[in-house]
Every structure is written in structure tokens, then in C-alpha cells.
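Taking it in order: structure first as C-alpha cells, then the write-up.
Number of protein chains: 2
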Amino acid sequence: MSFSFRVTHTDGRARRGVMATAHGDVQTPAFMPVGTQGAVKGVLHRDLEQMGADILLGNTYHLYLRPGDDLIARRGGLHAFIGWPRPILTDSGGYQVFSLAARRTVAEDGVKFQSHLDGSAHLLTPEKVVDIQAQLGSDIAMVLDECLAHPSGDELVRPSMERTLRWARRARARFLTLYEKRGRESFSREGVLVTNSGQAQFGIVQGGTSAELREESARGTVAIGFEAYAIGGLSVGEPTDVMYKIVADTTPCLPEDRPRYLMGTGTPRDLVESVARGIDLFDCVLPTRNARNGQLFTSEGPINIKNAQYAEDDRPPDPACSCYTCRTFSRAYLRHLFRAGEINASTLNTLHNLHFYLDTLRQIRDAIAFRRFESFRTAFHQSLSRHLHDS
Amino acid sequence: MSFSFRVTHTDGRARRGVMATAHGDVQTPAFMPVGTQGAVKGVLHRDLEQMGADILLGNTYHLYLRPGDDLIARRGGLHAFIGWPRPILTDSGGYQVFSLAARRTVAEDGVKFQSHLDGSAHLLTPEKVVDIQAQLGSDIAMVLDECLAHPSGDELVRPSMERTLRWARRARARFLTLYEKRGRESFSREGVLVTNSGQAQFGIVQGGTSAELREESARGTVAIGFEAYAIGGLSVGEPTDVMYKIVADTTPCLPEDRPRYLMGTGTPRDLVESVARGIDLFDCVLPTRNARNGQLFTSEGPINIKNAQYAEDDRPPDPACSCYTCRTFSRAYLRHLFRAGEINASTLNTLHNLHFYLDTLRQIRDAIAFRRFESFRTAFHQSLSRHLHDS
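From first to last, the protein sequence lines stand for chains A and B. Counting in my numbering, the first sequence runs without a single skipped number right up to 393 at its last residue. Counting in my numbering, the second sequence runs without a single skipped number right up to 393 at its last residue.
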């Protein structure tokens, strides 16, 4: 087993640490850029490495449907297929089944759906999701969970949370069967080509916005015993302070010696506030998706490069930023590229936004190490609100 | 005047040299990547520099319509606006007016057209085109020429070629007026903000596929006196051997001490064959546009990465290539990215194709320097035809 986690510094509830995986170390708190189909849209692997991205997230749903986990396993797994030698986490595909797929029906066995690509019918069970990710060979595999829309009443959330727990038990059992005898780098078992014998598996806490259900889910998931734990089902439309409260209430229910992953979050402010509540890992499409829509995150708040006010603005997007985009290009040029529909607008905006996110995490880690996280947090929020937001 | 050209080596009719411009030297023969709207689609400036691109081409028609040459001049010119400190050549916009614009009418004064963006009416005269490029501040400005469709009979080609000559005289007169007193880096004259006092102007030889008209056009254009000369109106659908013959017949009519630019050409084979006939400069959208359509140029001929035969092909696109794409990624992965509609497919394919083009030119220059251009030419064509082309 290659997975381990060590907290190296604490400051209040904020933690700094190192998460070791089969493909290298991840400095935490960490942000994982989203590489849905085996690529982070608009930026190349070498740019991610230069920006200090320790770990990528790949989407199981997308890769399962195209090009298929069988094809990827025959190439030696996801790392070899996409040419990224560092850590990779794959989600379970559950969130995408519940948000993208058509004609979805959930039963105890699993979830049936039709592909958003070609309408083909599929069944994802907790076991099948383990198998797919074993073939992908990610360093961290997530269990299949049921994702509810927000808001959902407790009468829907409780049975869903309980089903997620039962699915988690099945997923763990399957995982332990596949990885019973580790040792060789890849092996075939039960018809599954396991391409990364050092894979770890994370459980997911659900429970909507109910403190009781969240705690019950956390205790139940921890009782099953995973390498680490995630908080799912947030950033789905609930108010920010509700999310912060759930995070604050849930992290104490999770083991201190395991990383805690807040799934799908969030804004720069969300990252800082969640670290303050004991979170170690993040992923989010905001920096990449918003970049392609012309929104740039800056140290003085977001700006929308489409706006006419930037037509003759010769300043870099963020004068405080040291990324390639900010070192080289003006707002006027970036606005022109965006309006002209140039691919390079997406690339340059994404380079900046990811740099901003990764740099924010770097500052967070430094602040924790020097036990000045609270002053960093205060200064960060003050800087963000200094600017009159234009978007 | 910052412009100069020096032939350093010859081998048969092939020449190697150095073209000096206000923003640095260009090793010739050179290929100019096309940055239509101030960006080479899919690759960043830093990648172009790493690949050894000495000079970019910008499209006057596009930049005039959006964001406008006035806005660019207020930013200090095109180099400052787009963040590219090296040489830039701008075309005259003529070709785009004749291929993209709507409701085009040509008269002696110039060409009226409607913008392909918003239908707005515009008149481009030879003088106006000089003024626009003076505001853009490119290092090399092209004169406005009339571009005919292929095939056109001599009864159309002769008057058009003669009009192009008259336009060239007017363009040169305007250019000499604007640049009469060079010296300061930028200055305002006749309502034009001249942003690059070291700009050079190239004339363009037209004349369709007629050897007589081509020769007449060449002699007439040279008589006007430009810093250098281009051959226009080729690569518009005529057979390759016709193009090669026109190039072979025209270059002897152009001064030996000035660079010769073959506009809008071509395939890798076209580059080698045109250098063999005395050409020094090239531009073409093939490597960039075809990359976005999935065609990769390789040392064994082009491959189309969309094809099913590459689904599980773990080889790099071109095993003989040292570009980032070929060093890092497989055909299987590139096919996946293309089919999945990922931006990175365009980026990685473009990186490779431009590297292939620029590397071919580098090999050509080396071969000329060592007086082994003929053996390089033979080997190049043999390698290209070794592969059973799939597209």
C-alpha cells in the first residue's frame, strides 16, 4: 500500500501535510485541477507541472464512456494513456450520472442511465465503479454515492444517505477483493485489469444539509474503513454559510490522521474558509470553466474580461500575479482574444485562473507552517473585497 | 531604415541568409506562422519562441476590423498590443477582402466591401492600407494587390495585374511620404500614428499563370522599388507543377540581394521545392488549420489522427520528431482528445505541425550551408512517400 498521510503543521483547525500516493507526494491543502476527459481544458500537462499542480482529477463517467476503461487499461492505465506521471484522483462518476446522463433510474443494485453521448444504456453499481477505476489505475478512487438535488427534504435525504452507506460497504468489499494481494504493478483479477496496485479508496459523507444525517453518515463511513474520507453533496446550490457550517460540523467526525476532501468546491473564499475548518483537498471546475467564459480570478476579486471597460486597459489581469499571462499580456489583448473567439483566450485565461488557485493554496500552506493562517485569512478576504466587483 | 538582407550561402538556386528587421533578425529561408488576429491559433508566443519561430504574420483585414488599427496604435502598435517583441509581417488585407468580405466592388480607387463581422461598409485603398499598417507598426508591410480567382483568362488577368502595379505605385508613394523622416520610434504624420519607424514595404508580383504577365509584373514592381518582393496569387487552386514553374520563372526577375516571399504556400513539399527555386520566405495556414482538423504532418507523410487505426496506437505522432507532443503523447491519446472535442487536441496538434514546419526550414538552412541541399531534397521526398498515406 503506497498511500499515507502525515500532518506536518497545524494552526487552529487548519492543517498542512503531505499525502503520499503511488505516483508521488501531494502537499496539502491541495487543489486538484479537473481533467475530465484526461486533459485539463486549455492547459497542457507541462503548464500544470510548472504551476505546481501535484495531482489531477479525472472523471470516471466520461472516461468509462469514451474512450472506455478497457482501452485505457490496455494502454497501461490512465497515467500512461494521458502522459501524466504524477498523482491522479478519479471520481466515481456518480455526480455525472446524476447531472449529465438521461433516463436515470436508481435502485438498490445501482444506477441505470443512458449515455449523454450516444444514448446507450449502462448500469453502474458500486462494484462496477470500483472495477472501472481499478482499470483506470488512478491513485485515489472514490466510491459510488447517490447525489441528490438541493434542496431535498430529510424524507429523501435519509434513505439516500443510508443507501450511500450500503453502497460504500459493497464498494469497499469489492476493492479489498481486487487488491487483496498487492505487489506487482499491474495484474488481472476477476476479469479486471488492475493497472495500479497502489490505489487507495476514499469514502464519501452525504446527508444533505442536516447536521444529524451528516454526522450519522460520517460515523458510518468511517466505520467501514477507507484510506480517507470526502464530503460530498455540497456546492450544489445551498447558501455558503450552510456549507461552511456542515464542513465545520463534519470534519471533527473524520479521523485526524487521514486527509479530508471537500468535493466540487469552490470559490477562492470557499477554499480559505474550508481550510480553516479542517479540509485538505479540493477540486472544482470554477477556475477552468469560468476562464473559458472570460472570468478571471484576481487578488482584488473577479473581473470579466469581456467588459468594454478593458478595451484599452494596458494593465495585466492581476498586477499582483506572476503567471505567464499576467507577465506577458494586457487586459486589452485578452479582451480582444476573447471577443475574436480565439482558442488562446481560453488557454491564457485558464493558465491565470489555475495559477491563482494553486498560488492561493501555496500561500495557505505557507501561512499554516508559520502559524499565521488567521492573519493570512483576514488579509485575503480584505484584498478580495477591495475591488468593486464588475461581474 | 532597419531593414536589410544578406545572402550568406547559396547552393544551386537555394539561398540561405539573414533578414534584419526593426525587431530583430530572421534566418532565411523562413516560415512565418499565421497569427491572423494577433495570435497563432492554439499555441502561445512562448511556444513559438521555443520552436524557433523568428517572425509572425498578422492579418491586416482582421485587425483593422477588430479591434481596429486606431486602438492598436494607441497601445503602441501590434508588437506591444500582442506581447510579441520579435519581427511581424502584416499582409495587406487584400486577399481577405477578396475571399471573406461580402458585396465586394473593385474600382480604380480601391476596393469597397462589407465586413464579414457586422456588415459595415469599408473602402480600402492602396494608401489606406499603408496607413493601417503604419498604425499597426509591423516590421514588414505588404502593398494592396488585387487577387483573382483561379482560373482567370488573360483578358481578366492583364488589367488586374496592371491595376495592381498602379496600386503599388500609389502605395509606395504614400509609404515614402509617411516614412520620409524616420528617426523617432513612433510619430504622427498626416493623421496616421506611425508606431514603427523601421517598417519596410514589400511589393507583390501578380499575373496569374501567364509567364509573360508574371515577368511584366515583376519588372514593373521592381522598377517602383521596394525593400523586397513577394509572389502573390499562387496556391489558389492551380496545379502544383504550374506553381513551381511560375516560381522558377519569376525569381530570376527579382533582385538577388532582396528576400523573395512566396505568399500563402504551402505543403512541406512546396516549401522544399520553392526554396530550390530561390524563395526565402513563406507563410501558410496549413500547419495550424489542418492541426485543428486532426491532420498531422510527419516525416513519413500526413496522418489523420481521427482515424480508427490510431485508437490503440501507442506510438508518438512522428517517431522522428522531438516536439513536446511527440515526446509526451501517443496517437491513441491524441485521437481520444480530438474525438472528445478537447481544446488540447488543437493545441497539441498545432504544436507538432508548426514544429515540423519550422524544423523542416531549419534542416533546409543547414543543408544549404553545407551545400548538400540536393541530397536533403531527395531524402526528404523519399521519406514523405515511404508511408502509405491515410488521408
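Think of the CB as a built atom: it goes at the ideal place given N, C-alpha and C, for glycine as much as any other residue.
Starting from residue i, find everything on chain B with Cβ-Cβ shorter than 9 Å and list it in chain order.
i       : result
H118(A) : By Cβ distance, chain B contributes nothing, its closest Cβ being about 12 Å from H118(A), past 9 Å.
Between residue i and chain A, is the shortest Cβ-Cβ distance under 8 Å, so that the two count as touching?
i       : result
G85(B)  : yes
H47(B)  : yes
V20(B)  : no
Y66(B)  : no
T349(B) : yes
F7(B)   : no
D392(B) : Note that D392(B) scores 45 on pLDDT, short of 50, meaning its location in the model is unreliable; the coordinates nonetheless yield the value given after this. Chain A, which has no Cβ nearer than 8 Å to the Cβ of D392(B), makes this no.
L80(B)  : no
G14(B)  : no
DSSP beta-bridge partners for residue i?
i       : result
S190(B) : L195(B)
G303(B) : For G303(B), which the question treats as bridged, DSSP gives no partner whatsoever.
G37(A)  : None; G37(A) has no bridge partner.
Y231(A) : G205(A), R262(A)
V108(B) : V113(B)
Q297(B) : N306(B)
V28(B)  : M21(B)
D1(B)   : Residue 1(B) lies beyond the stretch modelled for chain B, which goes from 3 to 393, so this question has no answer here.
A123(A) : Q116(A)
H11(B)  : R18(B)
T92(A)  : G60(A), A143(A)
S4(A)   : Paired residues: none, contrary to the question.
Out of the options, which one is the CA nearest neighbour of residue i?
i       : options                            : result
G54(B)  : F358(B), E110(B), S348(B), R294(B) : F358(B)
V36(B)  : H152(B), L102(B), L50(B), V28(B)   : L50(B)
Y2(A)   : D133(A), D282(A), Y63(A), P304(A)  : Residue 2(A) is absent from the structure shown; chain A starts at 3 and stops at 393.
H25(A)  : Q52(A), W86(A), L67(A)             : W86(A)
M265(B) : L67(B), D72(B), S94(B)             : S94(B)
F33(A)  : F7(A), E110(A), D251(A), S276(A)   : S276(A)
T300(A) : G234(A), S348(A), S385(A)          : S385(A)
T269(B) : P241(B), R262(B), T253(B), R68(B)  : P241(B)
L119(B) : A220(B), R68(B), C325(B)           : R68(B)
H383(B) : R221(B), F5(B), E302(B)            : E302(B)
A151(B) : E164(B), Y97(B), D71(B)            : Y97(B)
Q39(B)  : R17(B), D71(B), P321(B), V194(B)   : D71(B)
I84(A)  : Y63(A), L59(A), R105(A)            : L59(A)
A371(A) : T23(A), S6(A), Q29(A)              : Q29(A)
I233(B) : Y66(B), V108(B), C255(B), R8(B)    : C255(B)
R367(B) : P321(B), R8(B), R17(B)             : R17(B)
In chain B, which residues lie with their C-beta within 8 Å of the C-beta of residue i?
i      : result
K43(A) : E344, I345, N346
Show which residues of chain B have a CB atom less than 7 Å away from the CB atom of residue i.
i       : result
H124(A) : Result: empty, since nearest Cβ-Cβ is about 18 Å, beyond 7 Å.
R76(A)  : E314
E39(A)  : What sits at residue 39(A) in the sequence shown is Gln, not Glu. In chain order: A342, E344.
F331(A) : G85
Please list the partners that residue i has in chain A, where partner means a Cβ-to-Cβ separation under 9 Å.
i       : result
L195(B) : What L195(B) touches in chain A: nothing, since even the nearest Cβ is about 14 Å away.
P270(B) : Chain A residues near P270(B): none, gap ~24 Å exceeds 9 Å.
Is the Cβ of residue i closer than 8 Å to any Cβ of chain B?
i       : result
A334(A) : yes
P1(A)   : Coverage of chain A is limited to positions 3 through 393, which leaves residue 1(A) absent and any answer about it impossible.
L339(A) : yes
S385(A) : no
P35(A)  : no
R374(A) : no
Along chain A, which residues have their Cβ under 7 Å away from the Cβ of residue i?
i       : result
Y326(B) : R48
Identify the contact partners of residue i in chain A, using a Cβ-Cβ distance below 8 Å as the criterion.
i      : result
L73(B) : A313, E314, A334
Would you say residue i lies against chain E (beta-carbon separation less than 8 Å)?
i      : result
P69(B) : Here chain E cannot be found, since the structure's protein chains are A and B.
Inset, instruction - Inspect the CB distances between the region 36-45 of chain B and the region 289-299 of chain B and report whether three or more fall short of 8 Å. - result: As far as the Cβ criterion goes, the region 36-45 of chain B touches the region 289-299 of chain B, which means the pair count is three or higher.
Inset, instruction - Would you check if there are 3 or more beta carbon pairs closer than 8 Å linking the region 9-16 of chain A to the region 193-208 of chain A? - result: These segments do not touch.
Inset, instruction - Determine, using beta-carbon pairs with one atom in the region 74-92 of chain B and one in the region 121-128 of chain B, whether at least three such pairs fall under 8 Å. - result: The region 74-92 of chain B makes no contact with the region 121-128 of chain B; the number of CB pairs closer than 8 Å stays below 3.
Inset, instruction - May I ask you to verify whether the region 137-149 of chain A touches the region 191-207 of chain A, counting CB pairs closer than 8 Å and requiring at least 3? - result: yes
Inset, instruction - For the region 333-345 of chain A and the region 291-309 of chain A, state whether three or more C-beta atom pairs, one from each stretch, are separated by less than 8 Å. - result: yes
Inset, instruction - Inspect the CB distances between the region 188-195 of chain A and the region 150-167 of chain A and report whether three or more fall short of 8 Å. - result: no
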